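Numbering-wise (our numbering), the sequence shown opens with residue 609 and increments by one.
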Amino acid sequence: MSMAMAISVNLLNTYTKLVTLEKNSYRYWRLRIMYASIIGYAAFYLVRQNFSMAMPGMSEEFGFTKVDLGWIGTWWSIAYGIGKFINGYISDRSNARYFMTLGLLGAAITSYGMAYGESLIFFGGVWILNAWFQSMGWPPCARLVTHWFAPRELGTKWAFWASSHQIGAAAIFLLAGYLINNQYGWRSIFWIPAIIAALLSIFLFDRLRDTPRTVGLPPVEEYKGDIVKIDPHEEERINLREVMKIVLANKYVWFVGLAQMCLYIPRMGIFFWAPMFLKEVKGVSLAIAGLQLAAFEIAGLLGGITAGWLSDHVFDGRRGPVGALFMTGCAFSIGIIWLIPAGYELFDTFVLMLAGFLVYGPQVMAGIASADLTSKRAAGVATGLTGSFAYAGSAISAIGVGKIVHLYGWAWGFNFFIISSAFGAFFFALTWNKKARILEQN
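Shown next, in the form of structure tokens:
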């Protein structure tokens, strides 16, 4: 009896040690995946948002009009939207580590090439290629976050990951403002961030791993002790028939896509046109504009985290209410930006921060909802599909606002942003009662 007891105690101690080791390993890998993917996706923004900061210099040197530059932005957005859907499907069948690293390296190379351009056709062609590599960034991140973090914590954790948008955008606004202010010229805005991004692609390759299974760990739901149905096929690669069933036949995914299209008209409109607007209408230097837009991005970081927390802890995993409320506030804040007269730089900065807080919350909600409403196996393709809608909105914003402002002035451009925000709130409201599919099944 004593021998049996001793064996039992030894087995229990061994089991306890293994469980503790597994938990420690999971904590380590979750932290590593989170910080690596945040830094990696922020690096994509260094070689994406640099174009808008270079636009005034390109316009002065080559005589490009707002319509010319708007067309480059539109074709970039179309290529990005198509690429995001296609690469969403490919990424769900690929290793996120390799896929994301390749995308960042390609985006860095194309940004470096932009520094040597002399014609509109060259800039347009290289920037379209940049869009394709850029579209390889988001889908693998969606795959990583949904595999390493459980449904009941996804809102908050996704919001933390989504801070990568604001970190990268704020960094390039500050860096570009510094380069312009110190007379390095607009070409430096392309090649210096490109070198930084290329170096970070090496960091990304070293730090990332695909799913918990690839490092010998169980599914995240098991680690977190979530009482949910775990799909026995979750680790398998998704096929086209399942894409049709889980994603394309789901009307709520389409509602989220339409909400994101409306959201991206003001979001990317500010992203793309704000440096020129602040310089022309508000009368500030590009260095000051860079600081104001960095503040916009930092506030957006707080907005995204706040939205994620509210959706998890106040709305019980429902993303629609948060998206609808934030988009309504966004419409009002954009109107205030236009009404502030020139010369009130601090007030402009404050309201831009408010707009950033309100516009980035719905962006986080759209990404989480796309994954919530489908499956971990389809996270890449679902977010890729709604992302394609987003960049349809971005394409409309680039050339649409360019033409509107060229023909009718900036006031009508801002009216366009306000109306789009209102429609975005409406489409989010259509998903008001929906929460994660895996939670609704339990």
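Positions of the beta carbon are idealized from the N, C-alpha and C atoms, including for glycine.
Because the structure is a prediction, the values reported are computed rather than measured.
Practice item. Give the range of the alpha helix (DSSP H) segment to which E668 is assigned. Key: N658 to F670
**Study point:** G721 CB to nearest heavy atom of the ligand NAD below 7 Å
**Key:** Judged by which ligands are present, the structure shown has none, so any question about the ligand NAD falls away.
Check your understanding: Terminal residues of the continuous alpha helix (DSSP H) containing Y688?
Key -> K674 to D700
Review point. What's the gap between the Cα of F879 and the Cα of S660?
Key: 7 Å
Exercise for review: Could you say which of M666, A932 and L960 lies nearest to G793 if we only look at CA atoms?
Suggested key: M666
**Study point:** Minimum length 4: unbroken alpha helix (DSSP H) runs contained in the segment 767-843
**Key:** 796-815 and 828-832
Check your understanding: Counting pairs of Cβ atoms below 8 Å between the segment 733-749 and the segment 641-649, do you hit three or more?
Key -> yes
Point to revise | For F798 and I804, the rounded distance between their alpha carbons | key: 11 Å
Check your understanding: Alpha carbon to alpha carbon, how far is S685 from W766?
Key -> 24 Å
Check your understanding: Are the segment 867-879 and the segment 1000-1012 touching by the rule of at least three beta carbon pairs closer than 8 Å?
Key -> yes
Review point. Can the beta-carbon of W1018 be found less than 8 Å from the beta-carbon of V889?
Key: yes
Exercise for review: State buried or exposed for H1014, treating a residue as buried only when at least 16 other CB atoms are found within 10 Å of its CB.
Suggested key: exposed
Review point. Taking the C-alpha atoms as reference points, what is the distance between G1001 and M935?
Key: 15 Å
Check your understanding: Would the beta-carbon of A897 fall within 8 Å of that of P883?
Key -> yes
Practice item. List the whole-angstrom C-beta distance separating Y860 from T994, where the pair is believed to meet the contact cut-off of C-beta under 8 Å. Key: Between T994 and Y860 the Cβ distance is about 10 Å, and since that is not below 8 Å, they are no contact.
Check your understanding: Do you know how far the Cα of H773 is from the Cα of E669?
Key -> 30 Å
**Study point:** Cα-Cα separation between T764 and T754, rounded to whole angstroms
**Key:** 12 Å
Practice item. Determine the burial state of I729: buried for a count of at least 16 other Cβ atoms within 10 Å of its Cβ, exposed for fewer. Key: exposed
Point to revise | Cutoff 7 Å; reference G1032; Cβ partners in own chain excluding five residues on either side | key: A867, C870, L871, M935 and P970
Review point. Which whole-angstrom value describes the C-beta separation of A777 and Q900, a residue pair presumed to lie in contact below a C-beta threshold of 8 Å?
Key: Wrong, their Cβ atoms sit about 12 Å apart, outside the cutoff.
Review point. Comparing alpha-carbon positions, which option in T718, G916 and L909 lies nearest L737?
Key: T718
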